[in-house]
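The sequence shown begins at 1 in UniProt numbering and counts up by one.
Cβ atoms here follow ideal geometry from the backbone N, Cα and C, with glycine treated the same way.
Model, not experiment: these values are computed from the prediction.
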Amino acid sequence: MDRSSKCPKTEKLSNFEENSLNALIEEEEMVSAVRRLDSDVHQIVYENYNKFLTATSTVRKIQDEFTQLDSEMKSLSQSMTKISTLIGNLGGVLGEKRDDILQLGSSYKVVNSLKHIFDLPQGEFDEGNYGEVLRMYKMAEESLDEYKEVATVQSVLEKSKKIYDITENHLMEQLRNPASGTEFVRKPLICF
1 MDRSSKCPKT EKLSNFEENS LNALIEEEEM VSAVRRLDSD VHQIVYENYN
51 KFLTATSTVR KIQDEFTQLD SEMKSLSQSM TKISTLIGNL GGVLGEKRDD
101 ILQLGSSYKV VNSLKHIFDL PQGEFDEGNY GEVLRMYKMA EESLDEYKEV
151 ATVQSVLEKS KKIYDITENH LMEQLRNPAS GTEFVRKPLI CF
């Protein structure tokens, strides 16, 4: 069959069918590619939207934390100001009374020392350390003699003198009593 024997209509139809089929395949491939791209774009938009929401939430949390931190810092600043004011007031009050406080502290030390001195001879006497009682009385008498005008010191000296007198009387009785022996009296006299 030669070409001239073909019908021009059939040939056109065949060309048209071939072209249409190729065009349809290309069009279908293009539609499929567009759908894939559209799906990819939707996926990217969705991912970016989720990232945006996460970032917005994070920014809100940070903003809330900074607001809370700012509130706490203001509260701390107010507390520090109050403390500073109270320290200033306390310094002013104590400054006025500083001499009185120092004198009170000094008096407390003296009273504690006197109490110790006051109690010590009696304790030694109760334990039978008569030589120590005599030694402590002589030492206390010399040290406290210059302050004997002070009522408290005078009281300590009087009590110490009483204990000394009792100790002396006790030792004298021991000396007069031949049954007690001299060892009992000799030991305190050596310490003295």
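- The C-alpha of L69 lies about 37 Å from the C-alpha of I44.
- Per DSSP, the continuous alpha helix (DSSP H) segment holding G131 begins and ends at Y130 to L144.
- When the beta-carbon positions are compared, L134 and L144 stay at least 7 Å from each other.
- Below 8 Å, too few C-beta pairs join the segment 167-178 and the segment 144-153 to call them touching: fewer than three.
- Check the Cα spacing between S160 and each of L171, Y130, E132 and Q122: the tightest is with Q122.
- Separation of the CB atoms of E132 and E124 is rounded to 4 Å, and the pair is thereby assigned contact status at 8 Å.
- Taking Q103 as the centre and dropping the five residues before and after it, the same chain places no C-beta closer than 8 Å to its C-beta.
- In this structure, the alpha-carbon of T167 lies about 6 Å from that of Y130.
- Taken through DSSP and simplified to helix, strand or coil, K148 comes out as coil.
- Under a 10 Å Cβ-count criterion, V153 is classified as buried, with 16 or more other Cβ atoms of the shown protein chains found around its own Cβ.
- Of the residues assessed, M80 falls on the exposed side of the cut-off, its CB having fewer than 16 other CB atoms within 10 angstroms.
- DSSP, read as helix, strand or coil, puts E28 in helix.
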